[in-house]
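What follows is one structure encoded as structure tokens, with my remarks underneath.
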Amino acid sequence: MMAKEKTLFSCTECGDTSPKWLGKCPGCGAWNTLIESTSVVGGQNRYSQRMSLAPASAVATLADIEAQDVARTPTGQEELDRVLGGGLVTGGVVLIGGDPGIGKSTLLLQAVDGLQRGGMATLYVTGEESGAQVALRSRRLGLDHSQVQVLAETQLEKILATIDKLAPAVVVIDSIQTVYSDALTSAPGSVAQVRECAAHLTRMAKSSGVATVLVGHVTKEGALAGPRVLEHMVDTVLYFEGDTHSSYRLVRAIKNRFGAVNEIGVFAMTERGLRGVSNPSAIFLSQHEQPVPGSCVLVTLEGTRPMLVEIQALVDSAGPSPRRLSVGLDRDRLAMLLAVLHRHAGVACMDQDVFVNAVGGVRIAEPAADLAVLMAIQSSLRGRPLPQGFLSFGEVGLAGEVRPAPRGQERLREAAKLGFSEALIPRANAPKKPIEGLRVHVIDRIDQALEVLRQWQ
Ligand code: TYD
Ligand code: MG
């Protein structure tokens, strides 16, 4: 029977389909999530294709299934391996997103070159740059005589045919947004194209065991462009973040079927590509000769490593509608902290603009940053610096209580190692044995924190 193409509309959230476009998804009720996608009627349809993502096998109990550890190949970039959970997995699909110019292509080129030198066949598919541009970059990175195979191509069918022919162990697709399939009528780069092409490549990876890395663009809001299903489809999602004006870059795992999430890899962009930073604890501190008002050092725990990050606050008299702005920290959390400060410590910022910033372009999501944010705000409000060598961490609750942060001892030890001498922390994080060189002030409530500050201000 001849396969006949038919256009369907499917939801980017739940995957439900409809024969015509609807504003509201009939499956999950979400608005404006239906997008055009082609289905083939009479041949293999999209569902049977999707089902085949995992090879079919007989039903067995969990106890009977042999649990094999996945085979991993380290890329040789230690910081990248750390976020991947040890290395690339055979047949695993990694999606890596980040702003333009942050270093995605650079990192992946370095990684595949390392793998190729280690004896693995690699293929780098470039849709954004020509082969010559990639070669130029490889020279700049000092990757002389690189044997990485490069394909400048954007058509999915040709890419798949090349992978089939060369049978590499690792494929990089830079980027998934440039790949298009002739089987779809929609324009290259459209959501339908990105999704279908990613699904085809994922299927290829699973059936042939090729470790596949897809580079994805991010939107202005910072999410990976294209449908959320892209994140569901792949095994690992990594985000490249950092301030393009500074040389440090973070790679964060936000989903990993083969390792821990929230692990981060730290890199520095140099003249000759990205270099891993194996001891990143002090890179997000700015250098002040004298302590300045509105600055407080936070010890945050990123993945398995503590890092010291300077939190800056500026509190300034405002016009009729005061602003609360934050860079690298959650704005809603800032509004909540200001309310707690008012209600439970009697410090009002109602007629003030409040700006807070995490230095170096890091994004801090953990609530243990609360206490340091409030200390920076209080310091700016009073125009008095916190003492030299001061640090803080702890979560602040709506009742004004200060709750412990996970793995407090490790945070304190790292700070002491870097020469910090005064710590303001929740009582439950108090070290059992004194830490050399570190004076610890423990508190239960936010008003006690301000009480401790008064001795210096
Ligand atoms: P790139 O990897 O092209 O970013 P992406 O693929 O995420 O868009 O990185 C480009 C930036 O990195 C560019 O601004 C120049 C800088 N760079 C260096 O500083 N050193 C280097 O060795 C290389 C190759 C790039
Ligand atoms: Mg690029």
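Under my numbering, the first residue of the sequence shown is numbered 1340, with each subsequent residue one higher.
Ideal Cβ placement from N, Cα and C applies to all residues, glycine included.
With a Cβ-Cβ cutoff of 7 angstroms, do residue i and residue j count as a contact?
{"i": "L1668", "j": "L1647", "result": "no"}
{"i": "G1797", "j": "T1414", "result": "Lying before the first or after the last residue shown, residue 1797 is absent from the chain, which here runs from 1340 to 1796."}
{"i": "E1740", "j": "R1672", "result": "no"}
{"i": "Q1486", "j": "Q1455", "result": "yes"}
{"i": "G1555", "j": "G1436", "result": "yes"}
{"i": "V1398", "j": "V1552", "result": "no"}
{"i": "R1663", "j": "V1693", "result": "yes"}
{"i": "A1657", "j": "D1786", "result": "no"}
{"i": "V1638", "j": "V1679", "result": "no"}
{"i": "P1770", "j": "G1733", "result": "no"}
{"i": "P1743", "j": "A1767", "result": "yes"}
{"i": "V1518", "j": "L1495", "result": "yes"}
{"i": "V1422", "j": "L1676", "result": "no"}
Give me, in chain order, the residues of the same chain whose beta-carbon lies closer than 7 angstroms to that of residue i; leave out the 5 immediate sequence neighbours on both sides.
{"i": "G1804", "result": "The shown model of the chain, from 1340 to 1796, leaves out residue 1804, and the question about it has no answer."}
{"i": "V1464", "result": "L1490, E1492, I1498, V1510, V1511, I1512 and D1513"}
{"i": "Q1449", "result": "Q1416, L1480, G1612 and L1613"}
{"i": "M1390", "result": "Bear in mind that a pLDDT of 43 at M1390, under 50, signals an unreliable position, so the number given afterwards is only what the model happens to contain. So no residue of the chain qualifies."}
{"i": "V1701", "result": "L1589, F1623, V1648 and G1667"}
{"i": "E1375", "result": "T1346, F1348, S1525 and A1531"}
{"i": "S1760", "result": "G1728, G1776, L1777 and R1778"}
{"i": "Y1386", "result": "Here Y1386 scores only 44 on pLDDT, less than 50, and its place in the model should not be relied on; the value that follows carries that caveat. So the list is empty, once near-sequence residues are dropped."}
{"i": "Q1796", "result": "R1721 and R1723"}
Please return the same chain residues whose Cβ sits closer than 8 angstroms to the Cβ of residue i, not counting the five positions on each side in sequence.
{"i": "Q1388", "result": "Since pLDDT at Q1388 reaches only 46, below the 50 mark, its modelled position is unreliable, and no value is offered."}
{"i": "K1359", "result": "F1348"}
Starting from residue i and walking both ways along the beta strand (DSSP E), at which residues does that stretch end?
{"i": "T1524", "result": "T1524 -> no beta strand (DSSP E), and no H or E assigned at all."}
{"i": "V1557", "result": "Segment: none, V1557 is in no beta strand (DSSP E) and carries neither H nor E."}
{"i": "Q1691", "result": "Q1691 to A1697"}
{"i": "Q1416", "result": "Note, Q1416: premise wrong, no beta strand (DSSP E); not H, not E."}
{"i": "M1608", "result": "I1603 to T1609"}
{"i": "D1513", "result": "V1509 to D1513"}
{"i": "E1761", "result": "E1761 to P1765"}
{"i": "G1437", "result": "V1432 to G1437"}
{"i": "V1489", "result": "Q1488 to A1491"}
{"i": "T1517", "result": "Run containing T1517: none; DSSP gives neither H nor E here."}
{"i": "S1665", "result": "R1663 to V1666"}
{"i": "G1615", "result": "G1612 to G1615"}
{"i": "V1712", "result": "Careful: V1712 lies outside any beta strand (DSSP E), inside the alpha helix (DSSP H) at D1709 to R1721."}
{"i": "L1462", "result": "T1461 to T1465"}
Under the DSSP definition of a beta bridge, which residues are partnered with residue i?
{"i": "C1635", "result": "I1650"}
{"i": "A1592", "result": "L1577"}
{"i": "M1543", "result": "Partner(s): none; M1543 has no beta bridge."}
{"i": "K1363", "result": "W1370"}
{"i": "R1742", "result": "E1734"}
{"i": "C1350", "result": "L1373"}
{"i": "A1550", "result": "V1509"}
{"i": "S1656", "result": "Q1691"}
{"i": "T1641", "result": "Looking at the sequence shown, residue 1641 is not Thr but Glu. According to DSSP, E1641 bridges with R1644."}
{"i": "P1724", "result": "P1632"}
{"i": "T1356", "result": "S1349"}
Below 6 angstroms CB to CB, which residues in the same chain sit around residue i once its five sequence neighbours on both sides are set aside?
{"i": "P1773", "result": "none"}
{"i": "V1616", "result": "V1605 and A1607"}
{"i": "R1411", "result": "G1425, G1426 and V1428"}
{"i": "S1665", "result": "L1673 and V1695"}
{"i": "G1642", "result": "N1601, E1602 and I1603"}
{"i": "E1753", "result": "S1620 and P1645"}
{"i": "E1749", "result": "P1645"}
{"i": "I1782", "result": "V1741 and A1788"}
{"i": "V1698", "result": "F1623, S1625 and E1649"}
Would you give the residue range spanned by the alpha helix (DSSP H) that residue i belongs to?
{"i": "I1782", "result": "Note, I1782: premise wrong, no alpha helix (DSSP H); beta strand (DSSP E) at R1778 to I1782."}
{"i": "M1675", "result": "R1670 to A1684"}
{"i": "T1445", "result": "K1443 to R1456"}
{"i": "V1791", "result": "I1785 to R1793"}
{"i": "G1470", "result": "G1470 to R1479"}
{"i": "T1501", "result": "L1495 to L1505"}
{"i": "K1756", "result": "G1747 to K1756"}
{"i": "L1482", "result": "No alpha helix (DSSP H) contains L1482, which DSSP labels as neither H nor E."}
{"i": "V1701", "result": "Per DSSP, V1701 belongs to no alpha helix (DSSP H) and is neither H nor E."}
{"i": "V1568", "result": "V1568 to M1572"}
Is the shortest distance between the beta-carbon of residue i and the beta-carbons of chain C less than 7 angstroms?
{"i": "G1470", "result": "Here chain C cannot be found, since the structure has a single protein chain."}
Quiz item: Below 8 angstroms, can you find three or more Cβ-Cβ pairs linking the stretch 1468 to 1482 to the stretch 1594 to 1608?
Solution: Contact fails: fewer than three Cβ-Cβ distances are below 8 angstroms.
Self-check item: Cβ pair count under 8 angstroms reaching 3, the stretch 1545 to 1552 against the stretch 1518 to 1532
Solution: No: the two stretches stay apart, fewer than three of their Cβ pairs being nearer than 8 angstroms.
Quiz item: Does the stretch 1648 to 1661 come close enough to the stretch 1719 to 1735 to have 3 or more Cβ pairs within less than 8 angstroms?
Solution: Under the 8 angstroms Cβ criterion, the stretch 1648 to 1661 counts as touching the stretch 1719 to 1735, having at least three qualifying pairs.
Quiz item: Is the stretch 1604 to 1617 touching the stretch 1578 to 1589, taking contact as three or more C-beta pairs under 8 angstroms?
Solution: Touching, yes.
Quiz item: Touching or not, the stretch 1723 to 1736 and the stretch 1617 to 1636, by the rule of three or more beta carbon pairs under 8 angstroms?
Solution: Result yes; three or more Cβ-Cβ pairs closer than 8 angstroms.
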